[in-house]
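Let me begin by presenting the structure, written as structure tokens, before commenting on it.
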Amino acid sequence: MRRNDAWIRIAGREAGAGRPLFTIAEIGLNHSGSLDRALAMVDAAAASGAAAVKLQTLQATSLVAAACPAPAHVEAASLTEFFSTFELDEAAHRAVAARARAHGLAFVSTPFSLDSVDLLERVGVDAFKIASGDVTWDALITRVARTGKPMIISTGMATLAEVSHALATARLAGATQIALLHCVSAYPTPAGSENLRAIDTLARAFDTPVGLSDHGPDGFALPIAVALGASLYERHFMLDGDHDAIDAPVSSTPAQFTALVDAAARAAAALGTGEKRCEAAEAPNVIPSRRALYARVPLERGAVLSAADLVALRPGSGIPANRIGDVVGRRLSTDLPAGTALRYEDLESTMERRIA
Numbered sequence: 028m029r030r031n032d033a034w035i036r037i038a039g040r041e042a043g044a045g046r047p048l049f050t051i052a053e054i055g056l057n058h059s060g061s062l063d064r065a066l067a068m069v070d071a072a073a074a075s076g077a078a079a080v081k082l083q084t085l086q087a088t089s090l091v092a093a094a095c096p097a098p099a100h101v102e103a104a105s106l107t108e109f110f111s112t113f114e115l116d117e118a119a120h121r122a123v124a125a126r127a128r129a130h131g132l133a134f135v136s137t138p139f140s141l142d143s144v145d146l147l148e149r150v151g152v153d154a155f156k157i158a159s160g161d162v163t164w165d166a167l168i169t170r171v172a173r174t175g176k177p178m179i180i181s182t183g184m185a186t187l188a189e190v191s192h193a194l195a196t197a198r199l200a201g202a203t204q205i206a207l208l209h210c211v212s213a214y215p216t217p218a219g220s221e222n223l224r225a226i227d228t229l230a231r232a233f234d235t236p237v238g239l240s241d242h243g244p245d246g247f248a249l250p251i252a253v254a255l256g257a258s259l260y261e262r263h264f265m266l267d268g269d270h271d272a273i274d275a276p277v278s279s280t281p282a283q284f285t286a287l288v289d290a291a292a293r294a295a296a297a298l299g300t301g302e303k304r305c306e307a308a309e310a311p312n313v314i315p316s317r318r319a320l321y322a323r324v325p326l327e328r329g330a331v332l333s334a335a336d337l338v339a340l341r342p343g344s345g346i347p348a349n350r351i352g353d354v355v356g357r358r359l360s361t362d363l364p365a366g367t368a369l370r371y372e373d374l375e376s377t378m379e380r381r382i383a
């Protein structure tokens with residue numbers, strides 16, 4: 028099995044094999060265009076144990092064609108009009124970044140245009156994320172790579188060949204710190220469609236840290252992802268009561284996010300080192316649970332022991348049952364009442380037998 032020890036550093040925190048899970052609270056568009064709400068979400072994410080917060084930086088006219096109609100459930104004349112309500116200007120980005128840093132969080136964002144990359148560079152973003160929909164947009168990947176900042180590539184809808192091409196494009200443009208996120212771009216992801224084994228597939232195929240961008244309804248996939256080697260985790264985040272937020276069906280509240288962070292930590296601890304050994308927690312049970320050799324009948328000093336003289340019983344406070352071969356044919360150096368555990372000091376030494 029190929030071992031993936033890759034890691035990256037984002038705002039002073041390492042993400043990768045052997046490091047604590049790097050958790051990203053995806054504010055995304057759940058701020059609904061309100062800076063105050065975005066700042067409140069940063070505060071809540073910090074209290075929930077996130078390592079980073081993430082925005083989506085967009086200009087609607089650079090995202091969708093003007094003639095593209097809005098879907099029936101959206102109250103807007105076009106998708107351009109709809110997405111324009113979620114735009115945050117540069118000053119708002121600076122405010123969110125400053126609030127994140129005040130909490131010790133990394134500030135990450137997904138640029139949806141080349142100009143957005145430049146805006147985020149002026150703001151001082153700590154890392155960029157490439158959205159799943161843009162994994163085949165070489166120009167954006169190249170522009171982000173040339174910043175020299177850490178780069179997280181989401182892989183929803185992508186084949187392994189497309190991921191390989193995106194990585195090659197990024198590296199050719201100078202990117203050295205890249206992480207991949209397994210993702211299923213279905214909102215919410217139907218049960219049975221998570222394909223979490225792809226985390227291991229990506230880790231085997233590429234020398235990058237691998238994580239999960241989770242679009243499930245409840246975050247149940249996280250402990251499984253950790254067991255499969257995920258070192259980053261992204262989950263949409265919303266405030267309590269924000270059930271009308273655009274990504275509410277795939278978002279976690281602060282309490283839910285905290286529970287996920289705790290579950291991930293427990294899963295990581297439960298995985299252990301992989302070394303098969305007696306754990307400290309079970310050491311007190313070794314003697315009570317294992318068997319030792321006991322006298323089946325009363326045995327006198329000088330008796331030559333046979334297997335029929337002995338029985339394997341708990342607790343294992345004498346000679347272990349699997350050492351019966353060391354005992355059969357040896358002489359007792361003392362009387363041994365029935366039901367007494369046999370100890371090595373109850374046997375004549377080899378030297379004593381020679382002298383006798």
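Numbering (this note's numbering), first residue to last: 28 to 383. For every residue, glycine included, the Cβ atom is placed at its ideal position computed from N, Cα and C.
For Ile-157 against Leu-167, the beta-carbon gap comes to about 7 Å, under 8 Å, which counts as contact. A check of alpha carbon separations from Asp-161 across Asp-153, Ala-197, Leu-146 and Ala-127 identifies Ala-197 as the nearest.
Closest in alpha carbon position to Ala-52, among Arg-173, Gly-246, Arg-170 and Thr-361, is Gly-246. For Arg-341, the closest C-alpha among the options Gly-356, Leu-320, Thr-280 and Pro-325 is that of Leu-320.
Checking the DSSP bridge columns, you'll see Ile-180 partnered with Ile-157 and Leu-207. For Asp-241, the enclosing beta strand (DSSP E) begins and ends at 237-241. When secondary structure is reduced to three states using DSSP, Ala-92 falls in the coil class, being assigned neither helix nor strand.
Under DSSP, the beta-bridge partners assigned to Phe-264 are Ser-279. Of the other Cβ atoms in all chains shown, 16 or more fall within 10 Å of the Cβ of Leu-374; this residue is therefore buried.
Burial state of His-58 is buried, judged by a 10 Å Cβ sphere holding 16 or more other Cβ atoms.
Counting the other Cβ atoms within 10 Å of the Cβ of Glu-117 gives fewer than 16, which makes it exposed.
The beta carbons of Leu-207 and Val-237 sit about 5 Å from each other, so the pair counts as a contact at 8 Å. For Ile-251, the enclosing alpha helix (DSSP H) stretches over residues 248-254.
Here Ala-218 is not near Tyr-260, since their CB atoms are 8 Å or more apart.
Pairing Phe-139 with Gln-83 gives a Cβ-Cβ distance under 8 Å. Pairwise C-beta distances place the stretch 202-216 in contact with the stretch 230-244, as three or more of them are shorter than 8 Å. Every unbroken stretch of the alpha helix (DSSP H) spanning 4 or more residues and falling wholly within the stretch 105-162 is given here in chain order: 106-111, 117-129 and 141-150.
Scanning its chain for C-beta atoms nearer than 8 Å, with the 5 sequence neighbours on each side dropped, one finds around Asp-142 the residues Gln-86 and Ser-89, in chain order. Taking C-beta atoms as the reference points, Phe-110 and Val-91 count as a pair closer than 8 Å. Membership of Thr-196 in the alpha helix (DSSP H) is indicated by the continuous run 187-199. If you look at Val-324, you'll find it isn't in any alpha helix (DSSP H); DSSP assigns it neither H nor E. Distances from the CA of Ile-35 to each of Asp-269, Pro-177 and Phe-155 were compared; the closest alpha carbon is that of Pro-177. Cβ contact annotation for Glu-221 (same chain, cutoff 7 Å, sequence separation greater than five): Val-211, Gly-243 and Ala-248, in chain order. The stretch 267-284 makes no contact with the stretch 300-314, as fewer than three CB pairs between them are under 8 Å. Taken through DSSP and simplified to helix, strand or coil, Leu-287 comes out as helix. Assignment of Ile-168 by DSSP, reduced to helix, strand and coil, places it in the helix class. Thr-367: not part of any alpha helix (DSSP H); DSSP gives it neither H nor E.
With contacts defined as CB atoms closer than 8 Å, Val-150 and His-120 qualify as a contacting pair.
Counting of Cβ neighbours within 10 angstroms places Asp-267 among the exposed residues, the total staying below 16.
Secondary structure note for Thr-228: its alpha helix (DSSP H) is the uninterrupted segment 225-232. By the neighbour-count criterion, in which 16 or more other beta carbons inside 10 Å mark a residue as buried, Pro-250 falls on the buried side.
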